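Asks:
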Amino acid sequence: MNNFKNVWIFAQVQRGRLSPTALELLTAGRKLADSLKEKLCAVLVGYHVEPFVKDLVEHGADVIYVCDAPLLENYVDDVYARVLADLVAQYKPNKFLLPATNLGRSLSAKTAVFVGTGLTADATEVTIHEPDGQLYATRPTFGGNLMATITCKRTRPEMCSLRPMSYEKALAKPGRTGEVIHFAFDAKRHVSAARFIEFIKSGAEGIDLAEAEIIVAGGRGVGKPEGFVLLQKLADRLGGAVAASRAAVDNGWIDYRYQIGLTGRTVKPKLYIACGISGQIQHMAGMSGSDVIVAINKDPQAPIMKAANFAVEGDLYEVIPAMLEELK
Amino acid sequence: MHIVACVKQTPKSDQVKVDPVTGCLLRSGAASAMNPFDEYALEEAVILKEQLGGKVSVITMGPPQAEAVLRDSVARGADEAFQLGDMAFAGSDTWSTSYALAKGIEKIDAEQKVDIVICGKQTNDSDTGHIGPQISAWLKWPNAAFVKRIICATENFVRVERLTEDGSEILEMPYPCVISVVKDINQPRVRSVKGRLAAKRVQITKWTADDIGADKSKLGVKNCPTNVVKSFVPKREVCSVTVSGVTAQERGAKLVALLKENNCL
Chain A
232 MNNFKNVWIF AQVQRGRLSP TALELLTAGR KLADSLKEKL CAVLVGYHVE
282 PFVKDLVEHG ADVIYVCDAP LLENYVDDVY ARVLADLVAQ YKPNKFLLPA
332 TNLGRSLSAK TAVFVGTGLT ADATEVTIHE PDGQLYATRP TFGGNLMATI
382 TCKRTRPEMC SLRPMSYEKA LAKPGRTGEV IHFAFDAKRH VSAARFIEFI
432 KSGAEGIDLA EAEIIVAGGR GVGKPEGFVL LQKLADRLGG AVAASRAAVD
482 NGWIDYRYQI GLTGRTVKPK LYIACGISGQ IQHMAGMSGS DVIVAINKDP
532 QAPIMKAANF AVEGDLYEVI PAMLEELK
Chain B
34 MHIVACVKQT PKSDQVKVDP VTGCLLRSGA ASAMNPFDEY ALEEAVILKE
84 QLGGKVSVIT MGPPQAEAVL RDSVARGADE AFQLGDMAFA GSDTWSTSYA
134 LAKGIEKIDA EQKVDIVICG KQTNDSDTGH IGPQISAWLK WPNAAFVKRI
184 ICATENFVRV ERLTEDGSEI LEMPYPCVIS VVKDINQPRV RSVKGRLAAK
234 RVQITKWTAD DIGADKSKLG VKNCPTNVVK SFVPKREVCS VTVSGVTAQE
284 RGAKLVALLK ENNCL
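Residue numbers (the working numbering), protein chains in the order written: chain A, 232 to 559; chain B, 34 to 298.
Rendered as structure tokens:
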């Protein structure tokens, strides 16, 4: 086990874009690497991903493993997981962090079985347990009602997927240098029976929820589909994104992809503005990790009002226009 | 078409309490039910059966009382039910659980060839989303997670749409394969009278670790790769400010000022 060295992060690239989670993982990974006195390495898999090498090095990676091939242009679980498993077998990392994005959740799970090691899902904090150098990954469970710290004692690397927005993005140091190691794609080994057909862009414009620093969410109190236009106005003004509770989605006012909560998505923005959302435990499970929560609700007794940092009693159709006026 | 749906009995999300001292889940007293995400997996399996013919087998790993979730699955349209029960499984993490389920599915497959395994996106009690992809890894079958739609399923392949943060992706897989589905995929139906009767009569096949030929050194709390070292109730000391103002408009304006003051905007 002692020959497993260095902290790895998976730098997700999709549709020719480096995911901001890569920079968050570099922050988390840097702390681990420094505490272990080991190197921080980034794994870059895809097609035409070479331009991101410089980005990753400037943001703190000491070594970049690059696997670049036309067959890696789109994400297919088996193909990527086989590449990662082969990389791990050859270079033997000590810790391996991936983003808990849709892609990362699935990829980390499959890779952990191919590698034969333990994986912690959706952690919000990772630290090194000094006495033995183990990775302690802490994650919310049971919809955020309980935190569990998980270790992987006997196998390496210790793998972990990290919830987006749990760490700040690493800052760039222009001119910083690092080592690049090219890893050959093997069309015989890195294969899948699954075939990627096409990508369909979401109709929605603007910022994705997982990356939004400000989210304006609407619930039952929005009352009608047109209400989300008002929420979108506020989100646009604040440079944020719109989301919804299950009630709003089930009423057909907004698409499922915007649903926050146990049966939807989990977000961790800097500011979460809950409009007309009562704050059921299922909804709280998806957003209680937000840095600051604002609740706008007609009912002062709604559970969300107690969970919020700023509680505003009132009709969202009166409060939001007043906010927009103030923000002019 | 032989479809296997994976289900788990979990405590109902809104009924779980945490012991504030030990940080342990107080499961006793909390009503158990089918993991809500598995309802969509099972429903999709039943829809496929109705479209293409064949049968739905349902599998779970769990203690004796988990039999209830299998009977409930039959009430919702499953035909056969398999329960993996053995002290050797107790305390398994996702790596070990997916291994046991994969061994169980392998045995089902040996008796009657399996075409598709369908899992829920995750469970409501551990939220990992690992099981679908990991079952597929053990079986060396292709997989897709976060599936929001089965576009078409023929005799030879299935075409699915999976959700990504920026849109969706279409994938095609031959059988056998594994998919994990999200809530958006369907609207689970209510249990039929016929189903309820079938649920009472169904013979549940029960297998131990030995029955499925599982390597016990890969199972249970002592052998699984990850362990919980501690659990605790998150501190929720909310510094809550009720925004003052006579009218809703005043409070809205005040909120903006407060957010600016606190560097939230």
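Note that CB positions come from ideal geometry on N, CA and C, so glycine has one too.
None of the values given here were measured: they were computed from a predicted structure.
Which ranges does the alpha helix (DSSP H) cover as unbroken runs of at least 4 residues, wholly within the stretch 465 to 511 of chain A, from first to last along the chain?
Replies: Look at the stretch 465 to 511 of chain A and you find these whole runs of alpha helix (DSSP H), each 4 residues long or longer: 477 to 481.
Asks: Quick one: which chain B residues come within Cβ less than 7 Å of residue 546(A)?
Replies: Counted from its first residue, the first sequence places residue 546(A) at position 315. Those within 7 Å of residue 546(A) in chain B are 281.
Asks: Suppose contacts are defined by Cβ-Cβ distances below 8 Å. Is residue 325(A) in contact with residue 267(A) by that definition?
Replies: Sequence index remark: in the first sequence, residue 325(A) carries index 94 (1-based). Sequence index remark: in the first sequence, residue 267(A) carries index 36 (1-based). Yes. Within cutoff.
Asks: Would you check if there are 3 or more beta carbon pairs closer than 8 Å linking the stretch 424 to 431 of chain A to the stretch 275 to 284 of chain A?
Replies: no
Asks: In chain A, what lies closer than 7 Å to residue 163(B) by C-beta?
Replies: Here residue 163(B) refers to the residue found at position 130 of the second sequence. Those are 340, 350, 352, listed as they occur along chain A.
Asks: Which value, in whole angstroms, describes the spacing of the CA atoms of residue 416(A) and residue 299(A)?
Replies: One-based indexing of the first sequence puts residue 416(A) at position 185. One-based indexing of the first sequence puts residue 299(A) at position 68. Their Cα atoms are separated by approximately 7 Å.
Asks: Could you spell out where the beta strand (DSSP E) holding residue 264(B) opens and where it closes?
Replies: Along the second sequence, read from residue 1 onward, the residue named residue 264(B) stands at position 231. 259 to 265 is the extent of the beta strand (DSSP E) around residue 264(B).
Asks: Would you mind reading off the limits of the beta strand (DSSP E) that contains residue 114(B)?
Replies: Locating residue 114(B) in the second sequence gives position 81, counting from the first residue. That run of the beta strand (DSSP E) goes 113 to 117.
Asks: Is the stretch 100 to 108 of chain B touching the stretch 175 to 190 of chain B in the sense that three or more CB pairs, one from each, lie closer than 8 Å?
Replies: Result no; under three Cβ-Cβ pairs closer than 8 Å.
Asks: With 9 Å as the C-beta to C-beta threshold (strictly closer), list the residues of the stretch 442 to 461 of chain A near chain B in chain order.
Replies: Taking a C-beta cut-off of 9 Å against chain B, the contacting residues of the stretch 442 to 461 of chain A are 442, 445, listed in chain order.
Asks: Could you spell out the range, first to last residue, of the beta strand (DSSP E) harbouring residue 382(A)?
Replies: In the first sequence, counting from the first residue as 1, residue 382(A) sits at position 151. Residue 382(A) -> beta strand (DSSP E) spans 377 to 383.
Asks: Following the continuous alpha helix (DSSP H) through residue 107(B), name the residue where it begins and the one where it ends.
Replies: In the second sequence, the residue the question calls residue 107(B) occupies position 74. It spans 100 to 108 - the alpha helix (DSSP H) in which residue 107(B) sits, taken as one unbroken run.
Asks: In this structure, how does DSSP classify residue 430(A) when only helix, strand and coil are distinguished?
Replies: In the first sequence, the residue the question calls residue 430(A) occupies position 199. Three-state result, residue 430(A): strand.
Asks: Give a yes or no on whether 8 Å exceeds the smallest Cβ distance from residue 142(B) to chain A.
Replies: Start at 1 with the first residue of the second sequence, and residue 142(B) comes out as number 109. So no, residue 142(B) is outside the interface.
Asks: With a threshold of 8 Å between beta-carbons, can residue 283(A) be considered close to chain B, or not?
Replies: Position 52 of the first sequence holds residue 283(A). Taking Cβ atoms only, chain B never reaches closer than 8 Å to residue 283(A), which makes this a no.
Asks: Give me the Cβ distance between residue 394(A) and residue 331(A), rounded to the nearest whole Å; I'm assuming they're in contact under 8 Å.
Replies: Position 163 of the first sequence, counting from 1, holds the residue named residue 394(A). Position 100 of the first sequence, counting from 1, holds the residue named residue 331(A). About 5 Å; that satisfies the 8 Å criterion.
Asks: What are the boundary residues of the beta strand (DSSP E) that residue 276(B) is part of?
Replies: Translated into positions along the second sequence, residue 276(B) becomes position 243. Here residue 276(B) belongs to no beta strand (DSSP E), and DSSP marks it neither H nor E.
Asks: Residue 329(A): which of 339(A), 320(A), 322(A), 323(A) sits nearest, CA to CA?
Replies: Position 98 of the first sequence, counting from 1, holds the residue named residue 329(A). It is 339(A) whose Cα lies nearest to the Cα of residue 329(A).
Asks: Comparing C-alpha positions only, which one of 512(A), 504(A), 409(A), 509(A) sits nearest to residue 522(A)?
Replies: Stepping through the first sequence from its first residue, residue 522(A) is reached at position 291. The shortest Cα separation from residue 522(A) among 512(A), 504(A), 409(A), 509(A) belongs to 504(A).
Asks: Does residue 469(A) come within less than 8 Å of chain B when only Cβ atoms are used?
Replies: Position 238 of the first sequence, counting from 1, holds the residue named residue 469(A). Yes, residue 469(A) lies at the interface with chain B (some Cβ there is under 8 Å from its Cβ).
Asks: What do you reckon, are the CB atoms on residue 233(B) and residue 242(B) nearer than 8 Å?
Replies: Within the second sequence, numbered from 1, the residue matching residue 233(B) stands at position 200. Within the second sequence, numbered from 1, the residue matching residue 242(B) stands at position 209. No. Outside cutoff.
Asks: What whole-angstrom Cβ distance do residue 73(B) and residue 219(B) have, given they're in contact under 8 Å?
Replies: Position 40 of the second sequence, counting from 1, holds the residue named residue 73(B). Position 186 of the second sequence, counting from 1, holds the residue named residue 219(B). The pair is a contact, with the Cβ atoms about 6 Å apart (cut-off 8 Å).
Asks: Looking at chain B, is there any beta carbon in it that lies within less than 8 Å of the beta carbon of residue 271(A)?
Replies: For the purposes of this step, residue 271(A) is taken as residue 40 along the first sequence, with counting starting at 1. Chain B, which has no Cβ nearer than 8 Å to the Cβ of residue 271(A), makes this no.
Asks: Show which residues of chain B have a CB atom less than 9 Å away from the CB atom of residue 439(A).
Replies: Within the first sequence, numbered from 1, the residue matching residue 439(A) stands at position 208. The answer, in chain order, is 198, 199.
Asks: Considering only the beta carbon of each residue, do residue 41(B) and residue 66(B) sit closer than 8 Å?
Replies: Reading the second sequence from its first residue, position 8 is the one you call residue 41(B). Reading the second sequence from its first residue, position 33 is the one you call residue 66(B). Not a contact, by the Cβ cut-off of 8 Å.
Asks: I want to see whether chain A comes within less than 8 Å of residue 274(B), judged by CB atoms only; does it?
Replies: What you label residue 274(B) is simply residue 241 of the second sequence in a count that begins at 1. Interface residue, yes.
Asks: Who are the Cβ neighbours of residue 245(B) in its own chain at under 8 Å, not counting the five residues just before and after it?
Replies: Within the second sequence, numbered from 1, the residue matching residue 245(B) stands at position 212. So the list reads 117, 133, 136, 137, 139, 140, once near-sequence residues are dropped.
Asks: Select from 264(B), 283(B), 247(B), 152(B) the residue whose C-alpha is nearest the C-alpha of residue 120(B).
Replies: On the second sequence, position 87 is the one that residue 120(B) refers to. Checking every option, the nearest Cα to that of residue 120(B) belongs to 247(B).
Asks: Identify each residue in the stretch 481 to 493 of chain A for which the Cβ-Cβ distance to at least one residue of chain B is less than 9 Å, and report them in chain order.
Replies: 486, 487, 488, 490, 493
Asks: Run through DSSP, which three-state label would residue 239(A) get?
Replies: The sequence position of residue 239(A) within the first sequence is 8, counting from 1. Strand at residue 239(A).
Asks: So what's residue 373(A) in DSSP terms, helix, strand or just coil?
Replies: Along the first sequence, one-based indexing puts residue 373(A) at 142. DSSP places residue 373(A) in coil when its eight states are reduced to three.
Asks: Touching or not, the stretch 301 to 317 of chain A and the stretch 339 to 349 of chain A, by the rule of three or more beta carbon pairs under 8 Å?
Replies: yes
Asks: Counting only Cβ pairs nearer than 9 Å, list the residues of chain B close to residue 427(A).
Replies: Here residue 427(A) is taken as the residue at index 196 of the first sequence, counted from 1. The contacting residues are 202, 203, 204, 205.
Asks: Is there a Cβ of chain B sitting closer than 8 Å to that of residue 543(A), yes or no?
Replies: One-based indexing of the first sequence puts residue 543(A) at position 312. Against chain B, the CB of residue 543(A) has a partner CB under 8 Å away; the residue lies at that interface.
Asks: From the DSSP output, read off the bridge partner residues of residue 180(B).
Replies: Reading the second sequence from its first residue, position 147 is the one you call residue 180(B). Answer by DSSP bridge pairing, in chain order: 195(B), 214(B).
Asks: Per DSSP, residue 360(A) is paired with what?
Replies: Residue mapping note: residue 360(A) aligns to position 129 of the first sequence, counting from 1. For residue 360(A), which the question treats as bridged, DSSP gives the partners 365(A).
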